[in-house]
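Asker: Residue numbers (this note's numbering), protein chains in the order written: chain A, 13 to 151; chain B, 13 to 151. Every residue, glycine too, gets a C-beta built ideally from N, C-alpha and C.
There are 2 protein chains.
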Amino acid sequence: MEITLKRNNEHVHFTGTNSDGNSVQIDGSAQIGGEEKGMRPMELLLTSVAACSAFDVVSILKKQRQSLEDVLVKAKADRASEGDVKPFTAIHLTFEIIGEVHQEKAKRAVQLAVEKYCSVGASLNPDIPVTHETVFPVR
Amino acid sequence: MEITLKRNNEHVHFTGTNSDGNSVQIDGSAQIGGEEKGMRPMELLLTSVAACSAFDVVSILKKQRQSLEDVLVKAKADRASEGDVKPFTAIHLTFEIIGEVHQEKAKRAVQLAVEKYCSVGASLNPDIPVTHETVFPVR
Chain A
13 MEITLKRNNE
23 HVHFTGTNSD
33 GNSVQIDGSA
43 QIGGEEKGMR
53 PMELLLTSVA
63 ACSAFDVVSI
73 LKKQRQSLED
83 VLVKAKADRA
93 SEGDVKPFTA
103 IHLTFEIIGE
113 VHQEKAKRAV
123 QLAVEKYCSV
133 GASLNPDIPV
143 THETVFPVR
Chain B
13 MEITLKRNNE
23 HVHFTGTNSD
33 GNSVQIDGSA
43 QIGGEEKGMR
53 PMELLLTSVA
63 ACSAFDVVSI
73 LKKQRQSLED
83 VLVKAKADRA
93 SEGDVKPFTA
103 IHLTFEIIGE
113 VHQEKAKRAV
123 QLAVEKYCSV
133 GASLNPDIPV
143 THETVFPVR
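1. Grab the span of the alpha helix (DSSP H) containing V69(B) for me, first residue to last.
2. Establish whether the CB of G111(A) and some CB of chain B are separated by less than 7 Å.
3. With a floor of 3 residues, list each beta strand (DSSP E) that falls wholly inside the segment 73-100 of chain B, ordered by position along the chain.
4. Could you please give me the residues that DSSP links to R19(A) through a beta bridge?
5. Please classify V122(A): does DSSP put it in a helix, a strand, or coil?
6. Please classify G111(A): does DSSP put it in a helix, a strand, or coil?
7. From which residue to which residue does the beta strand (DSSP E) around S35(B) run?
8. Can you tell me whether F67(B) is buried or exposed, with buried defined as 16 or more other CB within 10 angstroms of its CB?
9. Is there a C-beta anywhere in chain B that falls below 7 Å from the one on I38(A)?
10. My understanding is that M13(A) touches K88(B), with C-beta atoms under 8 Å, so please give their C-beta distance in whole angstroms.
11. Anyone know if the C-beta pair for A102(B) and P141(B) falls short of 7 Å?
12. Once DSSP output is grouped into helix, strand and coil, what is the label at I140(A)?
13. Per DSSP, which residues does E14(B) bridge with? Please list them.
14. Determine, for T106(B), whether the minimum Cβ-Cβ distance to residues of chain A falls below 7 Å.
15. Indicate, with yes or no, if the ligand NAP has a heavy atom lying under 6 Å from the CB of K119(B).
16. Just to confirm before moving on: does the CB-CB distance between E48(B) and D32(A) stay below 7 Å?
17. Indicate whether S60(A) and P53(B) have their beta-carbon atoms separated by less than 7 Å.
18. Helix, strand or coil for E127(B)? Go by DSSP, reduced to three states.
19. Look up V147(A) in the DSSP assignment and say whether it is helix, strand or coil.
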């Protein structure tokens, strides 16, 4: 797997591109010249954790022939507050499941996705707890 | 820090959005219905590692009053080939440094960025080696 990162201004607005030509915009905090032209790197990391888990939830529920209408994920993370480097100290994922889905199956799918199958999660420092909850909003 | 992930189709095309409204597109492999509408989650993770390091390289060289004209990063990663979960097993970052930059200072900036300051790198499993090289292409 390979990605390329190019700079767009004299500060830290970068474009990341994969081998298919898909791209993402990344920018930094105002302190280092950021102009809110893209996600921050740590937000991108959090998004990758959430997306990886969401993919697995969709796949698992599809195999179980559950009528998943929609899934929305909210991801929150805490970071170290001291020191030169501020890694995540905790991640929490909330899955909103919409559709004619068996609630216990959905909860189990989320658990498997987050705790077992997500390759992004498996690439994180195991000291960072990744917790999750599954809710079933009525639309 | 918080991001939200919304699904765009019945497969795994998602949009991730941060609190400033910046967004990224994420999609999966063809096997799970992906249509190349965005980066894969593991590509997003790799991009976050590269961007975080690139930000720090820019900041360090700016503090040292080096005339960095441009910086380009190529990031490659290997993944586990067996098992249900396929985390990264190695990451390699190549920094292309353009401008009137002292080469030893640039190399040192890359080393500090990758090995010490990058918060994304510090959130990764320490078992994943992150190597780097710095090159100075003539334009």
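Answerer: Result, derived from the coordinates:
1. Here residue 69(B) corresponds to residue number 57 of the second sequence, with the count starting at 1. It spans 53-75 - the alpha helix (DSSP H) in which V69(B) sits, taken as one unbroken run.
2. Walking along the first sequence from the start, residue 111(A) turns up at place 99. False, the Cβ-Cβ gap to chain B never drops below 7 Å.
3. 79-91
4. Within the first sequence, the letter at position 7 stands for residue 19(A). According to DSSP, R19(A) bridges with F26(A).
5. The sequence position of residue 122(A) within the first sequence is 110, counting from 1. DSSP places V122(A) in helix when its eight states are reduced to three.
6. Position 99 of the first sequence, counting from 1, holds the residue named residue 111(A). Strand at G111(A).
7. One-based indexing of the second sequence puts residue 35(B) at position 23. Counting along the chain, the beta strand (DSSP E) containing S35(B) begins and ends at 35-38.
8. The residue you call residue 67(B) lines up with position 55 of the second sequence. Looking at its Cβ environment, which holds 16 or more other Cβ atoms inside 10 Å, F67(B) is buried.
9. Indexing the first sequence from 1 puts residue 38(A) at position 26. Yes - at least one Cβ of chain B is within 7 Å of the one on I38(A).
10. For the purposes of this step, residue 13(A) is identified with residue 1 of the first sequence, where counting begins at 1. For the purposes of this step, residue 88(B) is identified with residue 76 of the second sequence, where counting begins at 1. 7 Å between Cβ atoms; contact.
11. Within the second sequence, numbered from 1, the residue matching residue 102(B) stands at position 90. Within the second sequence, numbered from 1, the residue matching residue 141(B) stands at position 129. Contact: yes.
12. By one-based count along the first sequence, residue 140(A) stands at place 128. In this structure, I140(A) counts as coil in the three-state DSSP scheme.
13. Translated into positions along the second sequence, residue 14(B) becomes position 2. K88(A), per the DSSP bridge assignment.
14. Against the second sequence, residue 106(B) aligns to sequence position 94. Not closer than 7 Å to any Cβ of chain A, the Cβ of T106(B) fails to qualify, so no.
15. With respect to the ligand NAP, the structure shown offers nothing to examine, as it has no ligands at all.
16. By one-based count along the second sequence, residue 48(B) stands at place 36. By one-based count along the first sequence, residue 32(A) stands at place 20. Yes, Cβ-Cβ distance for E48(B) and D32(A) is below 7 Å.
17. Along the first sequence, one-based indexing puts residue 60(A) at 48. Along the second sequence, one-based indexing puts residue 53(B) at 41. Cβ distance < 7 Å, so S60(A) and P53(B) count as in contact.
18. Sequence index remark: in the second sequence, residue 127(B) carries index 115 (1-based). Three-state result, E127(B): helix.
19. What you label residue 147(A) is simply residue 135 of the first sequence in a count that begins at 1. Residue state, collapsed to three classes: strand.
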